[in-house]
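Numbering (this note's numbering), first residue to last: 10 to 187.
Glycine included, C-beta positions come from ideal geometry on N, C-alpha and C.
In this text, all values refer to a predicted model and were calculated from it rather than measured experimentally.
Here the structure is laid out as structure tokens; the discussion comes afterwards.
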Amino acid sequence: MWRTGTAAGAGTAALTALSLILAGCAGSDPASEPDSAGLSAGGSSTEELFVGECGSMTDEELASITGIPRLVSTSKNAVRCRWDAPDSGAYAMFTWYRGSPIDRERTVAGRIGREIADIDADGHPGFTARGNDLSCEAGVESGDGFLHWSVNYAFATPPTDSCSVVEDLARATVQNAK
10 MWRTGTAAGA GTAALTALSL ILAGCAGSDP ASEPDSAGLS AGGSSTEELF VGECGSMTDE
70 ELASITGIPR LVSTSKNAVR CRWDAPDSGA YAMFTWYRGS PIDRERTVAG RIGREIADID
130 ADGHPGFTAR GNDLSCEAGV ESGDGFLHWS VNYAFATPPT DSCSVVEDLA RATVQNAK
């Protein structure tokens, strides 16, 4: 006949379970406790922006800031939009990363050899990541996520430095969201 346990075995199991419960209730790591703003240590301190479709950017505003002629919208939704210029191969892209840390994107850009610089878009800290003179991306914090713009001029000529262009796009998105 099989026995399902002994009194000693049951007592050991009960003590183990009680130990785990008490360990969970004991002191916790202060770094994981919310701070006075309700955010975890190391979390974002910027306000969450209300961003409309395509970064609240109109096609006309995008064309004006990028200086890319004949940009055509090739995809639009609440979190990602892309515009392409079929004659030059240039493109602009907006992405809204909700609940994703900006530092991860910044680290990845640095690891693939992009030149990183700090920016601020009306109180929203961020970065630019230069690929070359014709391509750059910018990310700015928005609550617990970030807004991201990238441009690549391919065979077009940027009206100014490509990182200045994405920084202007980021600032316009922050302004349009307020």
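How long is the line joining the alpha carbons of residue i and residue j, rounded to whole angstroms?
| i | j | result |
| --- | --- | --- |
| residue 32 | residue 104 | Note that residue 32 scores a pLDDT of 36, beneath 50, so its modelled location is shaky; the value from the coordinates is reported in the next line. So the alpha carbons of these two residues sit roughly 42 Å apart. |
| residue 175 | residue 130 | 11 Å |
| residue 144 | residue 172 | 8 Å |
| residue 40 | residue 92 | For residue 40, the predicted structure reports a pLDDT of 37, less than 50, and the residue's modelled location is therefore unreliable. A value from the coordinates is still provided. Straight-line Cα distance between these residues: approximately 42 Å. |
| residue 170 | residue 135 | 18 Å |
| residue 165 | residue 107 | 31 Å |
| residue 150 | residue 168 | 26 Å |
| residue 77 | residue 116 | 29 Å |
| residue 81 | residue 55 | 32 Å |
| residue 118 | residue 90 | 20 Å |
| residue 122 | residue 140 | 8 Å |
Output yes or no for whether 9 Å exceeds the beta carbon distance between residue i and residue j.
| i | j | result |
| --- | --- | --- |
| residue 114 | residue 148 | yes |
| residue 155 | residue 128 | no |
| residue 138 | residue 99 | no |
| residue 60 | residue 182 | yes |
| residue 96 | residue 79 | yes |
| residue 62 | residue 85 | yes |
Kindly list the residues whose CB is nearer than 8 Å to the CB of residue i, restricted to its own chain and excluding five residues on each side of it in sequence; keep chain order.
| i | result |
| --- | --- |
| residue 178 | 64, 66, 71, 74, 75, 101, 103, 147, 158, 160 |
| residue 180 | 130, 131 |
| residue 120 | none |
If you follow the alpha helix (DSSP H) that residue i is in, where does it begin and where does it stop?
| i | result |
| --- | --- |
| residue 130 | Looking at the DSSP string, residue 130 is not in any alpha helix (DSSP H); the run it does join, the beta strand (DSSP E), is 124–130. |
| residue 84 | Not the alpha helix (DSSP H): residue 84 falls in the beta strand (DSSP E), residues 81–85. |
| residue 177 | 171–186 |
| residue 119 | 111–120 |
Go through its chain and collect everything with a Cβ distance to residue i's Cβ below 6 Å, but skip five positions before and after it.
| i | result |
| --- | --- |
| residue 185 | 65 |
| residue 48 | For residue 48, the pLDDT reaches just 35, beneath the cut-off of 50, and the residue's location in the model is therefore unreliable, leaving the point undetermined. |
| residue 109 | 154 |
| residue 126 | 137 |
| residue 94 | 77, 79, 80 |
Since residue i is in the beta strand (DSSP E), which residue starts that stretch and which ends it?
| i | result |
| --- | --- |
| residue 160 | 154–161 |
| residue 140 | 133–141 |
| residue 91 | 89–93 |
| residue 149 | 144–151 |
| residue 166 | Where residue 166 is concerned, there is no enclosing beta strand (DSSP E), given that its DSSP letter is neither H nor E. |
| residue 67 | Premise fails: residue 67 is in no beta strand (DSSP E) and is neither H nor E. |
| residue 101 | 100–106 |
Ignore the nearest five residues each way along the sequence and tell me which others in residue i's own chain have a CB closer than 7 Å to its CB.
| i | result |
| --- | --- |
| residue 36 | Caution is warranted here: a pLDDT of 38 is assigned to residue 36, below 50, making its placement in the model unreliable, and the coordinate value is therefore given only provisionally. Here the set comprises nothing. |
| residue 142 | 171 |
| residue 133 | 55, 149, 150, 151, 183 |
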